[in-house]
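Chains as they are written, first to last, in our numbering: chain A, 1 to 366; chain B, 367 to 732; chain C, 733 to 1098; chain D, 1099 to 1464. Taking it in order: structure first as structure tokens, then the write-up.
Number of protein chains: 4
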Amino acid sequence: MAGSSYGTIFRITTWGESHGKGVGVVVDGCPAGISLCEEDIQKYLNRRKPGQSAFSTPRKEDDVVEILSGVFEGKTTGTPISLVVMNTSQRSHDYSEIASYYRPGHADYTFDMKYGFRDYRGGGRSSGRETIGRVAGGAIAAKVLEELGITVCAYTKSIGEFTVKSENFNLDARDTNPLYMPDEKTAKEAEEYLNTIRENTDSAGGVAECIVKGLPAGIGEPVFEKLDANLSKALVSIGAVKAFEIGDGINVCTSLGSDNNDCFYFDGNGISKETNHAGGTLGGISDGSDLVMRAYIKPTPSIFKTQNTVNKSNENISINIKGRHDPIIVPRAVVVVETMVALTVLDMMLINMSSNIENIKKVYNN
Amino acid sequence: MAGSSYGTIFRITTWGESHGKGVGVVVDGCPAGISLCEEDIQKYLNRRKPGQSAFSTPRKEDDVVEILSGVFEGKTTGTPISLVVMNTSQRSHDYSEIASYYRPGHADYTFDMKYGFRDYRGGGRSSGRETIGRVAGGAIAAKVLEELGITVCAYTKSIGEFTVKSENFNLDARDTNPLYMPDEKTAKEAEEYLNTIRENTDSAGGVAECIVKGLPAGIGEPVFEKLDANLSKALVSIGAVKAFEIGDGINVCTSLGSDNNDCFYFDGNGISKETNHAGGTLGGISDGSDLVMRAYIKPTPSIFKTQNTVNKSNENISINIKGRHDPIIVPRAVVVVETMVALTVLDMMLINMSSNIENIKKVYNN
Amino acid sequence: MAGSSYGTIFRITTWGESHGKGVGVVVDGCPAGISLCEEDIQKYLNRRKPGQSAFSTPRKEDDVVEILSGVFEGKTTGTPISLVVMNTSQRSHDYSEIASYYRPGHADYTFDMKYGFRDYRGGGRSSGRETIGRVAGGAIAAKVLEELGITVCAYTKSIGEFTVKSENFNLDARDTNPLYMPDEKTAKEAEEYLNTIRENTDSAGGVAECIVKGLPAGIGEPVFEKLDANLSKALVSIGAVKAFEIGDGINVCTSLGSDNNDCFYFDGNGISKETNHAGGTLGGISDGSDLVMRAYIKPTPSIFKTQNTVNKSNENISINIKGRHDPIIVPRAVVVVETMVALTVLDMMLINMSSNIENIKKVYNN
Amino acid sequence: MAGSSYGTIFRITTWGESHGKGVGVVVDGCPAGISLCEEDIQKYLNRRKPGQSAFSTPRKEDDVVEILSGVFEGKTTGTPISLVVMNTSQRSHDYSEIASYYRPGHADYTFDMKYGFRDYRGGGRSSGRETIGRVAGGAIAAKVLEELGITVCAYTKSIGEFTVKSENFNLDARDTNPLYMPDEKTAKEAEEYLNTIRENTDSAGGVAECIVKGLPAGIGEPVFEKLDANLSKALVSIGAVKAFEIGDGINVCTSLGSDNNDCFYFDGNGISKETNHAGGTLGGISDGSDLVMRAYIKPTPSIFKTQNTVNKSNENISINIKGRHDPIIVPRAVVVVETMVALTVLDMMLINMSSNIENIKKVYNN
């Protein structure tokens, strides 16, 4: 089934396996007239590159993107933009053993059940390298949103028990620590925690948070295609994400209506809300406040401890995974979260354009 | 935009407003040959009917479903099944005042921003009555799943701080208390809590949990159409849901890889997992364990306390909402959660049928 | 599979069988703010009603449409519009015999092969009554197009060998003869031909032509979603249509490039073409000329001559179909062609809105 | 808008411009377990290559395909197959002049109207090179169909007035003459005709016919997604196709019901039809007969005669197109027709798998 595409009007289709010839994405439905060069995309890819710190795998993957179509004289033409990143650093021999058994926490078993067999090299299609296509496509979505005055920003909110403190929050700090945490002090503590985890051949989880600023009210569809429903799918579709929250999220279950409702007021220029418990949507449609959402990410399933599992001969065995693996996924997932949100928000903005006849007349009757 | 449809192969399209002539759904893509009568659907609708207890609105809505097409001699024909529930109990005069202002926590403001105006009677399309179409369509999905040996079951997990205790868990109890809680003792405590809330003209939130049993391994698509990603969209698309979890959910952020990984073992007949932290999916594909997921639901936004808001003349005003409203959404949302999960699981099973050539040959080469 | 929907942004979903309780359509994605009442739709349905002339079946079907949702205070709200036409005149006993055999030229056999059985009453879902939903939905599309200055007009071009002559062409005449031919003289000749056909218990075929005026240049997508490709699907999806042409159609195969190319010229105000062999599209995108297309429609398969076929016991038998049937489909199909074109053109206009950043800014940056 | 994808379950997404870095396709939804190597695809691409005869452009385009993903150890894995053909032989200087004006019969003007500007080099995205992605993707569809015993075969039916005669029909001859005509005698006559056309600096049109053998009855959806409707869209989406016919096509308009109906008979093994006027579908669903359809293709718009048009300064000018162009499109379009039909038929077979509960149980309850 054609499940490798995301989006309705602005749609990406990703392809590629960890140890195949490359990975890539076709971006279809990008509006014409957007300035675009490879550097616009590369800077996003660089944020998910491995080998940037002690907490990401020491594999050196250059991940250099090339634009193969859809851009002419520096501008998008409206036709599909094909982006490719060739695989250069993959060492297949590291992975040959895993062909014979099912790694706990990985998709080895489920791929075999679905397809009858699998490309076992480095996780194949279920590898984290699959996200390169998302990030490359989402970088273009972010570029279009920028033209409309909208910014999307994600960061590491928590690693284990270590959570960014609002009093220390400093977005500039995000890009200066290897954990992408906008709080230098907490980042330091989290680094120590991760060092301990890694020494203990274990792995840790955490939370990525994403904020969208500048989104006008009225974006999103009222029933199945709610803005928050699509954001939820966007984030849970990222491997390792096990929960999604918007606004107050799980805390609404113990809140009261009188606390949870955000009251409206007129500030002289427009309508605002006194609070933002909702996280920026009402009835699935943006309300003009910041969108605020979180993705909860499980610990890296590749750990270096002995684990029990089953091999292809249905024997119960003990295994020790080898190779190069991050002790935490969150910091490299931040840019994936950010770009998936950008893709979703832009697509819903384009979908919304025809919601009333006045908008249609703005385009056709001028 | 066409946002009122859900599903790819088994697809429902819902319609209807709270105070229009009726609400309904067209179920397209239902396989031929399923026994179906109105009672199969009615029993699901009865579970979301108001007026069943002190905690649901005293409005009497009969919500009688009629099948208009797609069934012949007691069996589905494979062509679209049109279901309609006429509105009978709606009192428009209760709602006329809300035309002039924006209720906090409701979609009044966002509908106006999107469409230019709104059907303000009883929430119009954003009313809880919108879910009738989902439940009616999902009842049919559940009937098809039953033919394949798969059951979907949801219940109230928490109301406020009151959470079902695993030692008291008794699914039979679910249908004998008005809160749909499978734990009589906790249900009693929650009822007292809700009585206090209601006397205080406030409202409460809670959690619905859903379990799918009997799903074979191998269902779900590996990238954007992950089974869990679609379940997440399904549940967050229900009005008032602000968070989604699968398996250990948010707790994975503080877990370790060695605790969170579910080890495989061969039990003599097939491959199982020692634990189910994952909640039944690996890499977005079912692993043969139970699917376990939760939806976090906000307190009813309609409360009878005085609230601040803005009217259509951009004046800051205080309002007191009148009418008949539940002090809690969760118990009536349980069946909506259950049917949205049924729709999603069935659709992904149908999508998966062509995942490998052996399956295709089973259908075409014998 | 969900094959009862048509359109991407402006999408209709039809349902209903010939002898079930009714037929209908849900129109999803209609922009808010369009004036709409039942009469707007009824006048289109009346054009396909049977019993209007000697050449359409004497069944009296009132086909009264009711709007169940999506319209408030006389205007579309942007939410789904549910339209229903209850079946009132169906006589099931006329059709009981056909349960046992496969009528030539009908879908009886193919439905059984696909679904395992069929609703055999009056053709069930493959009845011409299926088009009521298309016409009702398309009437709304035509209403939206009208707001944008675009008109869609279809008529009978040919019946058998009798073809409208360009020197007699008079669109006003279309609605004053029972064959919907815009040429009174040819219509008279065609009537005589049909009388002979009918007396001979046979049936005839013909051609419907459709012209779209006022469509701006630039509508349509360049590769798979070409405007003409979608128009082709729209018309061939109508039962009994066996060929589609745009512009010069089949005649291009014997033309020369120097004759077939339409030269551009500037007329002082804008760019026009000296000729319109292309029928209004270049590279799948509208060029600002009239769209001109034709659907070739087969003779009614229900004829009163003895025919050979097979029954359910695999016996070769001779049959004589009974019942009430038109000797020609074309006149009643004209409005189906017209509304399918309206649906297609409107949907592609809405799809096109985001084709370049300037259009997007018109909607969001003012 | 995302218009570069084709298919629902077996879906291709094409990209690339005539003079960009390359062209390609992502094939998503291909079932796992199909043997596949580059040669399987290359042999189809070779059939559309230019430079093969006097009647195709002398440009030498090697068009070598490379598989970048989705195949492991010689078999499809079920994940997206990315295919790329790098552009090697494009000479941009040949095309620079056309930046300033609109060529008659081409999409230059409509692209500018839609997108605001265009990649003018060699037609950009509207170039015939766009079909490379279709052919490469369709070659894989044909490979899957082969596993199911289904063959798709297209050929040149007519060039100008020269039409293959049924008494001379010899499919083996198709691949031995440069016009892909299965009739050597007519091919010779057509070659002489084309020589005259070319000497006269003009171009010619023609007809491609396609036959599908082995398709079981029951494939196709009864309303909008009729098999013939989708075939029609498939073929009219090919640039230069101006008409589509299935079975008797346009001739049905002058036929009688008694001639046009195909009578059924039981032949001892199964149900067949005495004739095949319908071309293999009834009610949009395959009836077990051969599918027979035709595409009518206009003369190459690039001719070397002086033509009138308009330049970017809105001046009426005369132009003489330069470059290398085929005097006829049909022979190279044959393989495009064949592969578009393969894509459509396979997709509809996969869509049909869930049409009744018995098929579903074959896959899940074995």
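Quick reminder that beta carbons are idealized off the backbone N, C-alpha and C, glycines included.
Neighbourhood of residue i by C-beta, 6 Å cutoff - its chain only, sequence neighbours within 5 removed
i: C/V758; result: T745, P812, S814
i: A/G149; result: G214
i: C/R779; result: V1067
i: A/N320; result: T306
Nearest residue (CA-CA) to residue i, options the options
i: B/R660; options: B/V602, B/T567, B/E405; result: B/V602
i: A/D62; options: A/L45, A/K75, A/G78; result: A/L45
i: D/D1171; options: A/Y120, A/Y265, A/I328, A/E167; result: Here residue 1171 of chain D is Glu; the residue named in the question, Asp, does not match the sequence. Nearest option by C-alpha distance: A/Y120.
i: B/G494; options: A/K21, A/K165, A/A32, A/P222; result: A/P222
i: A/F266; options: A/V64, A/G249, A/G288, A/I250; result: A/G288
i: A/A217; options: A/M348, A/E315, A/P182; result: A/M348
i: B/H385; options: B/K415, B/S401, B/E496; result: B/E496
i: B/S462; options: B/G444, B/M479, B/G488; result: B/G488
i: A/A240; options: A/V337, A/I351, A/A99; result: A/V337
i: A/P178; options: A/A107, A/V335, A/D248, A/V363; result: A/V335
i: C/Y847; options: D/N1454, D/N1418, D/K1459; result: D/N1454
i: A/L346; options: C/L1075, C/F901, C/Y1096, C/G756; result: C/Y1096
i: B/I464; options: B/I695, B/I563, B/G689; result: B/G689
i: B/E405; options: B/S419, B/N677, B/I433; result: B/I433
i: A/N251; options: B/V578, B/R377, B/Y662; result: B/Y662
i: B/G369; options: A/I9, A/V152, A/S4, A/K312; result: A/I9
Residue i: first and last residue of the uninterrupted alpha helix (DSSP H) it sits in
i: A/V336; result: 330-352
i: C/K958; result: No alpha helix (DSSP H) contains C/K958, which DSSP labels as neither H nor E.
i: D/N1293; result: 1282-1297
i: D/V1233; result: 1229-1245
i: A/S258; result: 257-260
i: A/V363; result: 357-364
Residues of its chain near residue i, where Cβ-Cβ distance is below 8 Å and the 5 sequence neighbours each way are ignored
i: C/D960; result: G952, I978, G1011, T1013, G1016, M1025
i: B/E591; result: G650, M714, I717
i: B/S435; result: T445, P446, I447, S448
i: D/T1274; result: E1282
i: C/I1049; result: Y833, N1040, T1041, V1042, N1043
Segment limits, beta strand (DSSP E) that includes residue i
i: C/E941; result: 938-945
i: D/Y1253; result: 1249-1257
i: B/I669; result: It is not in any beta strand (DSSP E) - B/I669 carries neither H nor E in the DSSP assignment.
Own chain residues within Cβ distance below 7 Å of residue i, not counting five before or after
i: D/G1203; result: P1399
i: D/I1132; result: K1173, T1174, K1241, V1242, E1245
i: C/M1085; result: N1091
i: B/S598; result: F610
i: B/T641; result: D628
i: B/F528; result: T552, E555, A556, Y559
query = Quick check: the stretch 972-989 of chain C against the stretch 1296-1309 of chain D, are there 3 or more CB pairs under 8 Å?
reply = In this structure the stretch 972-989 of chain C touches the stretch 1296-1309 of chain D; the number of beta carbon pairs closer than 8 Å is three or more.
request  = Only counting runs of 3 or more residues, tell me where the beta strand (DSSP E) segments fall wholly within the stretch 1134-1216 of chain D, in order along the chain.
outcome  = Runs found: 1163-1165, 1179-1184.
task = Specify whether the stretch 184-198 of chain A and the stretch 549-567 of chain B touch according to this definition: at least 3 beta carbon pairs, one from each stretch, less than 8 Å apart.
result = Fewer than three pairs of CB atoms, one per stretch, sit closer than 8 Å, so the stretch 184-198 of chain A makes no contact with the stretch 549-567 of chain B.
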